[in-house]
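In the numbering used here, the protein residues as written are 120 to 407.
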(Lines of atoms letter the chains of each structure in order from A; the text may use other names.)
(Lines give C-alpha, C1' and ligand atoms only; values in the text may rest on other atoms or scores of the structure.)
Protein backbone atom coordinates (compact mmCIF):
# COMPACT_ATOMS: atom_id res chain seq x y z
CA UNK A 120 0.00 0.00 0.00
CA UNK A 121 1.43 3.33 -1.09
CA UNK A 122 1.89 6.03 1.56
CA UNK A 123 0.02 9.18 0.48
CA UNK A 124 -1.78 12.20 1.97
CA UNK A 125 -5.01 10.27 2.57
CA UNK A 126 -3.15 7.50 4.37
CA UNK A 127 -1.40 10.04 6.59
CA UNK A 128 -4.79 11.67 7.26
CA UNK A 129 -6.22 8.28 8.23
CA UNK A 130 -3.42 7.74 10.77
CA UNK A 131 -4.04 11.21 12.23
CA UNK A 132 -7.80 10.62 12.45
CA UNK A 133 -7.17 7.37 14.30
CA UNK A 134 -6.54 9.61 17.30
CA UNK A 135 -10.20 10.67 17.13
CA UNK A 136 -11.20 7.00 17.16
CA UNK A 137 -9.10 6.45 20.28
CA UNK A 138 -10.57 9.55 21.91
CA UNK A 139 -14.04 8.14 21.30
CA UNK A 140 -13.14 4.80 22.89
CA UNK A 141 -11.66 6.49 25.94
CA UNK A 142 -14.72 8.70 26.40
CA UNK A 143 -17.57 6.30 25.65
CA UNK A 144 -16.14 2.81 26.09
CA UNK A 145 -17.24 2.07 22.54
CA UNK A 146 -17.87 3.49 19.11
CA UNK A 147 -14.27 3.18 17.92
CA UNK A 148 -14.94 0.57 15.28
CA UNK A 149 -17.99 2.30 13.81
CA UNK A 150 -15.58 5.13 13.03
CA UNK A 151 -12.49 3.07 12.22
CA UNK A 152 -14.03 0.85 9.52
CA UNK A 153 -15.38 3.76 7.41
CA UNK A 154 -12.10 5.63 7.99
CA UNK A 155 -10.07 2.72 6.63
CA UNK A 156 -12.49 1.99 3.78
CA UNK A 157 -13.17 5.49 2.46
CA UNK A 158 -10.11 7.52 3.53
CA UNK A 159 -7.29 4.95 3.48
CA UNK A 160 -8.90 3.10 0.55
CA UNK A 161 -8.64 -0.39 2.09
CA UNK A 162 -10.76 -3.25 0.76
CA UNK A 163 -13.74 -3.95 3.03
CA UNK A 164 -12.51 -7.16 4.66
CA UNK A 165 -8.98 -5.83 5.24
CA UNK A 166 -10.49 -2.70 6.80
CA UNK A 167 -12.58 -4.83 9.16
CA UNK A 168 -9.61 -6.96 10.26
CA UNK A 169 -7.38 -3.90 10.75
CA UNK A 170 -10.14 -2.25 12.75
CA UNK A 171 -10.22 -5.23 15.10
CA UNK A 172 -6.47 -4.94 15.75
CA UNK A 173 -6.57 -1.18 16.33
CA UNK A 174 -9.75 -1.16 18.42
CA UNK A 175 -8.63 -4.14 20.51
CA UNK A 176 -5.22 -2.72 21.37
CA UNK A 177 -6.67 0.74 22.01
CA UNK A 178 -9.36 -0.65 24.32
CA UNK A 179 -6.71 -2.55 26.28
CA UNK A 180 -4.71 0.65 26.79
CA UNK A 181 -7.79 2.68 27.74
CA UNK A 182 -8.92 -0.03 30.16
CA UNK A 183 -5.99 0.71 32.52
CA UNK A 184 -7.00 4.24 33.66
CA UNK A 185 -10.65 3.19 33.98
CA UNK A 186 -9.63 0.19 36.11
CA UNK A 187 -7.52 2.40 38.35
CA UNK A 188 -10.62 4.49 39.07
CA UNK A 189 -12.57 1.35 40.02
CA UNK A 190 -14.91 1.54 37.04
CA UNK A 191 -14.44 -2.04 35.82
CA UNK A 192 -16.77 -4.78 37.08
CA UNK A 193 -14.45 -7.70 36.44
CA UNK A 194 -16.85 -10.55 37.26
CA UNK A 195 -19.69 -9.32 35.03
CA UNK A 196 -17.23 -8.32 32.33
CA UNK A 197 -15.52 -11.71 32.20
CA UNK A 198 -18.83 -13.61 32.12
CA UNK A 199 -20.05 -11.37 29.31
CA UNK A 200 -16.72 -11.57 27.46
CA UNK A 201 -16.45 -15.37 27.64
CA UNK A 202 -19.65 -15.93 25.68
CA UNK A 203 -19.15 -12.97 23.36
CA UNK A 204 -15.64 -14.19 22.44
CA UNK A 205 -17.19 -17.43 21.16
CA UNK A 206 -19.65 -15.42 19.09
CA UNK A 207 -16.86 -13.15 17.83
CA UNK A 208 -14.68 -16.05 16.71
CA UNK A 209 -17.62 -17.70 14.94
CA UNK A 210 -18.61 -14.42 13.32
CA UNK A 211 -15.03 -13.90 12.12
CA UNK A 212 -15.04 -17.31 10.45
CA UNK A 213 -18.48 -16.73 8.93
CA UNK A 214 -17.37 -13.36 7.52
CA UNK A 215 -15.11 -15.22 5.03
CA UNK A 216 -18.14 -16.43 3.06
CA UNK A 217 -20.16 -13.19 3.07
CA UNK A 218 -19.62 -10.52 0.36
CA UNK A 219 -17.86 -7.38 1.61
CA UNK A 220 -20.66 -5.10 0.35
CA UNK A 221 -23.26 -7.05 2.32
CA UNK A 222 -21.11 -6.78 5.46
CA UNK A 223 -20.79 -3.01 4.99
CA UNK A 224 -24.56 -2.63 4.48
CA UNK A 225 -25.17 -4.54 7.70
CA UNK A 226 -22.58 -2.38 9.40
CA UNK A 227 -24.39 0.80 8.29
CA UNK A 228 -27.73 -0.46 9.62
CA UNK A 229 -26.13 -1.27 12.98
CA UNK A 230 -24.67 2.24 13.09
CA UNK A 231 -28.12 3.77 12.54
CA UNK A 232 -29.68 1.63 15.27
CA UNK A 233 -26.84 2.50 17.64
CA UNK A 234 -27.20 6.22 16.92
CA UNK A 235 -30.90 6.12 17.73
CA UNK A 236 -30.20 4.46 21.08
CA UNK A 237 -27.51 6.99 21.99
CA UNK A 238 -29.71 9.97 21.11
CA UNK A 239 -32.75 8.67 22.99
CA UNK A 240 -30.76 7.73 26.09
CA UNK A 241 -32.10 5.57 28.91
CA UNK A 242 -35.86 5.41 29.35
CA UNK A 243 -35.85 3.62 32.71
CA UNK A 244 -32.59 4.10 34.64
CA UNK A 245 -33.98 2.25 37.66
CA UNK A 246 -34.95 -0.91 35.79
CA UNK A 247 -34.26 -4.46 36.93
CA UNK A 248 -30.84 -6.01 36.44
CA UNK A 249 -30.15 -8.84 34.01
CA UNK A 250 -29.74 -12.29 35.56
CA UNK A 251 -26.21 -13.64 35.21
CA UNK A 252 -27.23 -16.67 33.14
CA UNK A 253 -28.91 -14.38 30.59
CA UNK A 254 -25.52 -12.81 29.80
CA UNK A 255 -24.74 -15.86 27.62
CA UNK A 256 -27.20 -15.26 24.73
CA UNK A 257 -26.67 -11.49 24.87
CA UNK A 258 -22.89 -11.96 24.78
CA UNK A 259 -23.07 -14.46 21.92
CA UNK A 260 -25.17 -12.10 19.82
CA UNK A 261 -22.95 -9.06 20.38
CA UNK A 262 -19.83 -11.15 19.80
CA UNK A 263 -21.20 -12.37 16.46
CA UNK A 264 -21.66 -8.75 15.37
CA UNK A 265 -18.04 -8.07 16.35
CA UNK A 266 -16.74 -10.90 14.21
CA UNK A 267 -18.93 -10.19 11.19
CA UNK A 268 -18.47 -6.45 10.78
CA UNK A 269 -15.32 -5.65 12.74
CA UNK A 270 -17.28 -3.68 15.34
CA UNK A 271 -15.82 -4.00 18.81
CA UNK A 272 -19.41 -3.95 20.03
CA UNK A 273 -19.08 -1.17 22.60
CA UNK A 274 -22.04 0.70 21.15
CA UNK A 275 -24.08 -2.42 21.98
CA UNK A 276 -22.21 -3.55 25.11
CA UNK A 277 -22.52 -0.25 27.00
CA UNK A 278 -26.34 -0.11 26.69
CA UNK A 279 -26.58 -3.81 27.61
CA UNK A 280 -24.49 -3.33 30.75
CA UNK A 281 -26.19 -0.07 31.75
CA UNK A 282 -29.80 -0.96 30.94
CA UNK A 283 -29.91 -4.73 31.49
CA UNK A 284 -27.14 -5.43 33.99
CA UNK A 285 -27.89 -2.34 36.08
CA UNK A 286 -24.35 -0.92 36.05
CA UNK A 287 -23.75 2.81 36.34
CA UNK A 288 -22.69 4.58 33.14
CA UNK A 289 -19.09 4.88 34.38
CA UNK A 290 -18.97 1.16 35.22
CA UNK A 291 -20.59 0.24 31.90
CA UNK A 292 -17.93 2.22 30.00
CA UNK A 293 -15.02 0.67 31.92
CA UNK A 294 -16.40 -2.87 31.76
CA UNK A 295 -17.18 -2.46 28.06
CA UNK A 296 -13.49 -1.81 27.36
CA UNK A 297 -12.61 -5.16 28.95
CA UNK A 298 -15.17 -6.97 26.80
CA UNK A 299 -14.12 -5.14 23.61
CA UNK A 300 -10.46 -6.04 24.17
CA UNK A 301 -11.25 -9.76 24.43
CA UNK A 302 -13.91 -9.70 21.69
CA UNK A 303 -11.61 -7.97 19.22
CA UNK A 304 -8.80 -10.45 19.88
CA UNK A 305 -11.13 -13.41 19.31
CA UNK A 306 -12.65 -11.95 16.14
CA UNK A 307 -9.22 -11.07 14.73
CA UNK A 308 -8.05 -14.63 15.32
CA UNK A 309 -11.02 -15.83 13.28
CA UNK A 310 -10.27 -13.46 10.38
CA UNK A 311 -6.47 -13.79 10.11
CA UNK A 312 -6.94 -17.11 8.30
CA UNK A 313 -8.24 -15.29 5.23
CA UNK A 314 -7.04 -11.66 5.46
CA UNK A 315 -3.47 -10.31 5.22
CA UNK A 316 -2.88 -7.17 7.27
CA UNK A 317 -0.59 -4.27 6.37
CA UNK A 318 1.23 -4.44 9.71
CA UNK A 319 3.25 -1.17 9.57
CA UNK A 320 0.08 0.81 8.83
CA UNK A 321 -1.95 -1.11 11.41
CA UNK A 322 0.63 -0.44 14.14
CA UNK A 323 0.81 3.26 13.20
CA UNK A 324 -2.96 3.51 13.48
CA UNK A 325 -2.90 1.68 16.81
CA UNK A 326 -0.26 3.95 18.37
CA UNK A 327 -2.17 7.09 17.36
CA UNK A 328 -5.46 5.66 18.58
CA UNK A 329 -3.95 4.62 21.93
CA UNK A 330 -2.70 8.16 22.54
CA UNK A 331 -6.20 9.47 21.80
CA UNK A 332 -7.80 6.89 24.09
CA UNK A 333 -5.64 7.90 27.05
CA UNK A 334 -6.73 11.51 26.56
CA UNK A 335 -10.36 10.40 26.25
CA UNK A 336 -10.17 8.46 29.51
CA UNK A 337 -8.90 11.58 31.29
CA UNK A 338 -11.70 13.71 29.83
CA UNK A 339 -14.48 11.19 30.44
CA UNK A 340 -15.33 12.57 33.89
CA UNK A 341 -15.01 16.26 33.01
CA UNK A 342 -17.76 16.55 30.40
CA UNK A 343 -21.47 15.98 31.04
CA UNK A 344 -22.24 12.42 29.93
CA UNK A 345 -25.61 13.25 28.35
CA UNK A 346 -24.02 15.94 26.15
CA UNK A 347 -21.30 13.57 24.99
CA UNK A 348 -23.74 10.75 24.35
CA UNK A 349 -26.17 12.80 22.28
CA UNK A 350 -23.46 14.57 20.30
CA UNK A 351 -21.80 11.28 19.49
CA UNK A 352 -25.16 9.76 18.59
CA UNK A 353 -25.80 12.41 15.95
CA UNK A 354 -22.28 11.95 14.59
CA UNK A 355 -22.74 8.18 14.31
CA UNK A 356 -26.09 8.79 12.61
CA UNK A 357 -24.36 10.91 9.96
CA UNK A 358 -21.64 8.28 9.49
CA UNK A 359 -24.21 5.51 9.13
CA UNK A 360 -26.10 7.43 6.45
CA UNK A 361 -22.82 8.13 4.64
CA UNK A 362 -21.80 4.45 4.59
CA UNK A 363 -25.28 3.39 3.48
CA UNK A 364 -25.29 5.94 0.65
CA UNK A 365 -21.87 4.71 -0.51
CA UNK A 366 -22.81 1.03 -0.54
CA UNK A 367 -26.29 1.25 -2.10
CA UNK A 368 -26.07 1.43 -5.93
CA UNK A 369 -27.09 4.72 -7.58
CA UNK A 370 -29.61 6.30 -7.64
CA UNK A 371 -30.52 4.60 -4.35
CA UNK A 372 -27.50 6.01 -2.54
CA UNK A 373 -28.34 9.57 -3.56
CA UNK A 374 -31.96 9.07 -2.53
CA UNK A 375 -30.86 7.85 0.92
CA UNK A 376 -28.63 10.89 1.37
CA UNK A 377 -31.42 13.31 0.36
CA UNK A 378 -33.98 11.60 2.61
CA UNK A 379 -31.51 11.75 5.51
CA UNK A 380 -30.93 15.48 5.00
CA UNK A 381 -34.69 16.11 4.85
CA UNK A 382 -35.30 14.00 7.98
CA UNK A 383 -32.52 15.83 9.81
CA UNK A 384 -34.01 19.22 8.97
CA UNK A 385 -37.48 18.02 9.99
CA UNK A 386 -36.12 16.67 13.28
CA UNK A 387 -34.43 20.00 13.98
CA UNK A 388 -37.66 21.86 13.21
CA UNK A 389 -39.64 19.55 15.50
CA UNK A 390 -37.22 20.15 18.36
CA UNK A 391 -37.24 23.94 17.93
CA UNK A 392 -41.00 24.44 17.52
CA UNK A 393 -42.84 23.44 20.73
CA UNK A 394 -46.18 23.08 18.94
CA UNK A 395 -44.73 20.42 16.65
CA UNK A 396 -42.52 18.61 19.15
CA UNK A 397 -45.22 16.54 20.90
CA UNK A 398 -46.63 15.14 17.64
CA UNK A 399 -43.45 14.78 15.62
CA UNK A 400 -42.36 11.13 15.09
CA UNK A 401 -38.76 12.26 14.54
CA UNK A 402 -38.45 14.17 17.82
CA UNK A 403 -36.47 11.67 19.89
CA UNK A 404 -36.99 12.20 23.59
CA UNK A 405 -33.83 11.50 25.56
CA UNK A 406 -33.65 9.84 28.93
CA UNK A 407 -31.30 10.36 31.81
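Glycine included, each C-beta is placed from N, C-alpha and C at the ideal position.
Around the C-beta of residue 340, fewer than 16 other C-beta atoms lie within 10 Å, and the residue is accordingly described as exposed. Nearest to residue 382 by alpha-carbon distance, out of 367, 196, 353, 302, is 353.
The three-state secondary structure of residue 128, taken from DSSP, is helix. The alpha-carbon separation between residue 161 and residue 124 amounts to approximately 14 Å. For a cut-off of 8 Å, the C-beta gap from residue 231 to residue 359 is around 4 Å, short enough to register as a contact. Short of 7 Å from the beta carbon of residue 278, and not among the five residues preceding or following it, lie these beta carbons of its own chain, in chain order: 236. Under the criterion of beta carbons closer than 8 Å, residue 141 and residue 286 do not qualify as touching, at roughly 18 Å. Taking 8 Å as the upper bound for CB-CB distance, residue 177 and residue 325 are in contact here, some 7 Å apart. With 16 or more other Cβ atoms from the protein chains shown falling within 10 Å of its own Cβ, residue 165 counts as buried. Take residue 295, set aside five residues on each side of it, and the residues of its chain with a beta-carbon closer than 6 Å to its own are 144, 145, 273, 276, 277, in chain order. Taking 8 Å as the cut-off, the Cβ atoms of residue 316 and residue 168 count as close.
For residue 231, the enclosing alpha helix (DSSP H) stretches over residues 219-239.
Using a 10 angstroms sphere on the CB of residue 216, the tally of other CB atoms stays under 16, which defines it as exposed. When the five nearest sequence neighbours on each side are left out, the beta carbons in the same chain lying within less than 8 Å of the beta carbon of residue 330 are those of 134, 137, in order along the chain. Taking the Cβ atoms as the reference, residue 130 lies roughly 5 Å from residue 323, within the contact range of under 8 Å.
Put simply, the backbone Cα of residue 312 is about 27 Å away from that of residue 198.
For residue 198, the enclosing alpha helix (DSSP H) covers residues 193-213. Here the alpha carbons of residue 147 and residue 209 stand approximately 21 Å from one another.
Membership of residue 317 in any alpha helix (DSSP H) is not indicated, and neither H nor E is assigned to it by DSSP.
If the five residues before and after residue 327 are omitted, its C-beta is found closer than 6 Å to the C-beta atoms of 130, 133, 134, all from its own chain and listed in chain order. Our two residues, residue 180 and residue 266, have alpha carbons roughly 21 Å apart in a direct line. Following the DSSP letters along the chain, one finds residue 184 inside the alpha helix (DSSP H) bounded by residues 163-187. DSSP, reduced to helix, strand and coil, places residue 367 outside both helices and strands of the structure shown, so it counts as coil.
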